[in-house]
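See structure below.
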Amino acid sequence: MSSTTVRPESTFGELYFLNPQLLSESIGPGVPLSTGEFSTEDNAFHFDITSLVNSSIVSGVDANKRFYITLNSNDGVIRSSLIFNEDAPDIKRPRLIITYIKSEDL
0 MSSTTVRPES TFGELYFLNP QLLSESIGPG VPLSTGEFST EDNAFHFDIT SLVNSSIVSG
60 VDANKRFYIT LNSNDGVIRS SLIFNEDAPD IKRPRLIITY IKSEDL
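Take the sequence shown: its letter number 82 is residue 81 in numbering that gives the first Met the number 0, and every next letter is one higher.
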């Protein structure tokens, strides 16, 4: 690969909620918790985690599990160059921003 080769920007990502010890066995191929699209308006991926929130209300959240994101095709390899972690500069650290719509009781 040439040093001038540029990887195309990812337009979607897959979100997994997994136990870190099972990561290499579980992240691919597999069924993601959610597939999110990249928004150029805020330069962020948006994932719908409604099913996780709903199931967590009933059964609780497994404190041993962590979120993992893969971008475009999932070859089972997570590279630190793809996404930033909590050690990145503040402006590039991943954030989980949860929004919701309050619906009236039916």
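Virtual Cβ for every residue (Gly too), placed ideally from N, Cα, C.
Bear in mind that the values here come from a model prediction, so they are computed numbers and not experimental data.
If you draw a straight line from the alpha carbon of L32 to that of V52, how long is it in whole angstroms? Sequence index remark: in the sequence shown, residue 32 carries index 33 (1-based). Sequence index remark: in the sequence shown, residue 52 carries index 53 (1-based). Just so you know, the alpha carbons of L32 and V52 end up roughly 11 Å apart.
In this structure, how does DSSP classify S33 when only helix, strand and coil are distinguished? In the sequence shown, the residue the question calls residue 33 occupies position 34. S33 falls in the strand class under three-state DSSP.
Would you mind giving the Cβ-Cβ distance between Y67 and L17, rounded to the nearest angstrom? I have them listed as a contact below 8 Å. Sequence index remark: in the sequence shown, residue 67 carries index 68 (1-based). Sequence index remark: in the sequence shown, residue 17 carries index 18 (1-based). 6 Å between Cβ atoms; contact.
Below 8 Å on the Cβ atoms is my guess for F11 versus E36; work out the distance and round it to an integer in Å. Here the question's residue 11 lines up with position 12 in the sequence shown. Here the question's residue 36 lines up with position 37 in the sequence shown. The pair is a contact, with the Cβ atoms about 5 Å apart (cut-off 8 Å).
Considering Cα atoms alone, identify which of S55, I56 and R65 is closest to P93. Working through the sequence shown from its first residue, we reach residue 93 at position 94. If we check each option's Cα against that of P93, R65 comes out closest.
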